[in-house]
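In my numbering, the protein residues as written are 1 to 253. Glycine is no exception: its CB is placed at the ideal position from the N, C-alpha and C atoms. Report on the structure given below.
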């Protein structure tokens, strides 16, 4: 007999769902049930996707991070502004704040490129200006520190569809090879983590840029031994492009 028996009469007993792509980065700091996911069998969520999130965060960047999340993910800024208490600045401090919260679901989070870039570069980062070698070194340190503290990986947006409330694309959208590889090597030094890319692949017109991106993604994975993942969509106006993209990936590996 089990140590604890639960009367499941009239219910469906299933394993808990692990939702690997969520944007509960703000809500996780005030809602222990992460509604509505907690109502529907989700037992673990992964946050920090698409290069957007709330750590690291300088005090004068709070409103900017909120309008970035509001624009990209359509989460009401008023809810985020009223709910987030900002008990952190660094990413490890954000993890500590999450750990202090009583909760019904397990949470894991990744390091968002947008927040890291704005933290290190200020307005230059927010406006997607090129990163200097010093900027890249500083971003790499932050990412490595976050991964060693318990972050699951690093995420970046490369799609023009992701825009802040002010219309600007996510910081890092046009990041160059050296910036991406520099941050990726930081993940390698930490010894774990997924490097996740949100892309336009599969939405048409991706061929030229994909061939450029697949080269550094291949090189990064080969050098670090870590997985690189990207979003692959499908569009009715180009219904077979996904086959081409998967073929390019197969050729790369």
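With distances taken between CB atoms, is the gap from residue 199 to residue 152 smaller than 9 Å?
Residue 199 sits at position 199 when you count from the first residue of the chain shown. Residue 152 sits at position 152 when you count from the first residue of the chain shown. For residue 199 and residue 152, no; Cβs fall outside 9 Å.
Tell me whether the beta-carbon of residue 30 lies closer than 9 Å to the beta-carbon of residue 83.
Here the question's residue 30 lines up with position 30 in the chain shown. Here the question's residue 83 lines up with position 83 in the chain shown. Yes, they are a contact pair.
State whether the region 64–78 contacts the region 100–107, with contact taken as three or more CB pairs (one from each stretch) at a distance under 8 Å.
Segments in contact, no.
Bridge partners for residue 46 per DSSP, in chain order?
For this step, residue 46 is matched to residue 46 along the chain shown. Residue 46 is bridged to 108.
Do residue 118 and residue 180 have their C-beta atoms closer together than 9 Å?
Residue numbering aside, residue 118 sits at position 118 when the chain shown is read from its first letter. Residue numbering aside, residue 180 sits at position 180 when the chain shown is read from its first letter. Against a cut-off of 9 Å, the Cβ pair of residue 180 and residue 118 comes out as no contact.
So, at 6 Å on beta carbons, what are the nonlocal neighbours of residue 217 in its own chain, with the 5 sequence-adjacent residues on each side left out?
Here residue 217 corresponds to residue number 217 of the chain shown, with the count starting at 1. So the qualifying residues of the chain are 228.
Considering only DSSP beta bridges, list what residue 196 is partnered with.
For this step, residue 196 is matched to residue 196 along the chain shown. Residue 196 pairs with 155 and 229.
Please report how far the alpha carbon of residue 170 lies from the alpha carbon of residue 14, in whole angstroms.
Counting from 1 along the chain shown, the entry for residue 170 is found at position 170. Counting from 1 along the chain shown, the entry for residue 14 is found at position 14. Roughly 37 Å separates the two Cα atoms.
Using only the alpha-carbon positions, how far apart do residue 243 and residue 237 sit?
Position 243 of the chain shown, counted from the start, is the residue given in the question as residue 243. Position 237 of the chain shown, counted from the start, is the residue given in the question as residue 237. Computed Cα separation, rounded: 14 Å.
Given a cut-off of 9 Å on the beta-carbon distance, is the pair residue 22 and residue 49 in contact?
Against the chain shown, residue 22 aligns to sequence position 22. Against the chain shown, residue 49 aligns to sequence position 49. Yes, these two residues count as a Cβ contact at 9 Å.
Let's see if you can read the secondary structure: which residues bound the alpha helix (DSSP H) around residue 143?
On the chain shown, residue 143 is found 143 positions in, with the first residue counted as 1. It spans 133–149 - the alpha helix (DSSP H) in which residue 143 sits, taken as one unbroken run.
Which ranges would you report for the alpha helix (DSSP H) in the region 71–120 if only whole runs of at least 4 residues count?
Whole alpha helix (DSSP H) segments, 4+ residues: 77–83 and 91–100.
If I measure Cβ to Cβ from residue 131 and keep anything under 6 Å in the same chain, skipping five residues before and after, which residues do I get?
Residue 131 sits at position 131 when you count from the first residue of the chain shown. Only 179 meet the Cβ criterion.
Applying the criterion that 16 or more other CB atoms from any shown protein chain within 10 Å of the CB defines a buried residue, is residue 91 buried or exposed?
Within the chain shown, numbered from 1, the residue matching residue 91 stands at position 91. It is buried - the Cβ of residue 91 has at least 16 other Cβ atoms within 10 Å.
Between which two residues does the alpha helix (DSSP H) holding residue 244 run?
Working through the chain shown from its first residue, we reach residue 244 at position 244. Its alpha helix (DSSP H) spans residues 241–252.
Tell me, to the nearest whole angstrom, how far the beta carbon of residue 133 is from that of residue 51; I am working on the premise that it is less than 8 Å.
Here residue 133 refers to the residue found at position 133 when the chain shown is read from its first residue. Here residue 51 refers to the residue found at position 51 when the chain shown is read from its first residue. So it is not a contact: roughly 21 Å between Cβ atoms.
Short of 8 Å in beta carbon distance, which residues of its chain neighbour residue 206, apart from the five on each side in sequence? Order them along the chain.
Residue mapping note: residue 206 aligns to position 206 of the chain shown, counting from 1. Because the pLDDT of residue 206 is 48, which lies under 50, any placement of that residue in the model is unreliable, and the number read from its coordinates should be weighed accordingly. Within the same chain, residue 206 has close Cβ partners 199, 200, 241 and 245.
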